[in-house]
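So the mapping is simple: the working numbering equals the position in the sequence shown, first residue as 1, plus 45.
Structure first, then comments.
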Amino acid sequence: MSLHPEEFLITEFKQNFEHKRHFQTQRQALIVLYFMVTLAIPVILGRLTEQFHQGLLLVLFFAVGMLTFVLLIMNRKYSTTVTRQLNALRRYFVSKLQNPDIESIFPKEYLTRDFPRYLNFKSDSFVIFCLVCFLNSIAICGGTYILSSKLYLCLIVFVISVGLHMAIMIRVLPK
46 MSLHPEEFLI TEFKQNFEHK RHFQTQRQAL IVLYFMVTLA IPVILGRLTE QFHQGLLLVL
106 FFAVGMLTFV LLIMNRKYST TVTRQLNALR RYFVSKLQNP DIESIFPKEY LTRDFPRYLN
166 FKSDSFVIFC LVCFLNSIAI CGGTYILSSK LYLCLIVFVI SVGLHMAIMI RVLPK
C-alpha cells in the first residue's frame, strides 16, 4: 500500500486534530473533577469532629490537588505540541495552494509552529494553573494550621507550596 505524501499529511492532520480534541476533553474532565472535590471538602470538614482528621483530610486534598496540577500541566504540554504540529501541516497546505490571498484568511498564529506558547500568561490554562495552585496552598496551609495551631508554620508552608507549584510549572513546560 503506497500513500502519496499529501494523503499521508491529510491523515496526519486528521489524527492530530482528534488528539487535540482528546486533550481538550481530558482537561475539562480534570477541571470538573478537581472542583467537585474542592466543593465537597467544606461539607466533609463540617461532618468530621476531630481536628486531626480534618487536618489529614486537607493534607490528602493537597496531594490530590498536586496530582491534578501535574496532570493539567502535562495536558497543556502535549496539547500545545499537537497544536504546533497542526499549524505546521496547515502551513504546508496553504503554501501548496499558491494563492497569495489565502494567508490573509488565516491568522498568523494558525500558520506558525511557534504558536501557541507553552506558558502563556493570557491563556485560560494559566488562570486555571494559578487557581489550582492557590486552592492547593490554602488546603495545605489549613491542614498545617489545624494539625499544629501555629500560624507562622502555616504561612511558611503556604509559601513553600506556591513555590513548589511554580517550580513544577517551570520545570515541566518548555520555553
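Think of the CB as a built atom: it goes at the ideal place given N, C-alpha and C, for glycine as much as any other residue.
Because the structure is a prediction, the values reported are computed rather than measured.
### Task
Answer yes or no: do GLY91 and ILE191 have a C-beta to C-beta separation smaller than 8 angstroms?
By one-based count along the sequence shown, residue 91 stands at place 46. By one-based count along the sequence shown, residue 191 stands at place 146. Going by C-beta atoms, GLY91 is not nearer than 8 angstroms to ILE191.
### Task
Tell me whether ASP159 sits in a helix, a strand or coil according to DSSP, three-state version.
Here residue 159 is taken as the residue at index 114 of the sequence shown, counted from 1. Coil, per DSSP.
#### Entry: Simplified DSSP assignment, three categories, for HIS49
As a first step, residue 49 must be located in the sequence shown, where it is residue number 4. Coil.
### Message
Please classify ASN61 as buried or exposed, where buried requires at least 16 other C-beta atoms within 10 Å of its C-beta.
### Response
As a first step, residue 61 is located in the sequence shown; it is residue number 16 there, counting from the start. ASN61 should be labelled buried.
### Message
Taking only three categories from DSSP, how would you classify PRO39?
### Response
A question about residue 39 goes unanswered here, because the residues of the chain that appear run from 46 up to 220.
### Message
What would DSSP say about SER124, mapped onto helix, strand or coil?
### Response
If you number the sequence shown from 1, residue 124 lands on position 79. Helix, per DSSP.
### Enclosing alpha helix (DSSP H) for ASN181 [first to last residue]
Here residue 181 corresponds to residue number 136 of the sequence shown, with the count starting at 1. Unbroken alpha helix (DSSP H) run through ASN181: 169-193.
### Task
To the nearest angstrom, report how far apart ARG158 and PHE68 are at their CA atoms.
In the sequence shown, residue 158 corresponds to position 113, counting from 1. In the sequence shown, residue 68 corresponds to position 23, counting from 1. Distance between the alpha carbons of ARG158 and PHE68 is about 19 angstroms.
#### Entry: As assigned by DSSP and simplified to three states, the class of THR94
Within the sequence shown, numbered from 1, the residue matching residue 94 stands at position 49. Three-state result, THR94: coil.
### Query
Which residue from ILE86, ARG121, ILE118 puts its Cα closest to that of VAL44?
The displayed coordinates of the chain run from 46 to 220. Any statement about residue 44 would go beyond what the structure contains.
### Message
Residues in the same chain with beta-carbon distance under 6 angstroms from GLN130, minus the five sequence neighbours each way, listed in chain order, please.
### Response
The residue labelled residue 130 in the question sits at position 85 within the sequence shown. Closer than 6 angstroms at the Cβ level, and outside the excluded window around GLN130, lie ASN61.
### Query
Pick from PHE160, LEU198, THR113, THR125: whose alpha carbon is nearest that of PHE179?
One-based indexing of the sequence shown puts residue 179 at position 134. Ranking the options by Cα distance to PHE179, first place goes to THR113.
### Task
With DSSP collapsed to three states, give me the class of GLN143.
Counting from 1 along the sequence shown, the entry for residue 143 is found at position 98. Correct three-state label for GLN143: coil.
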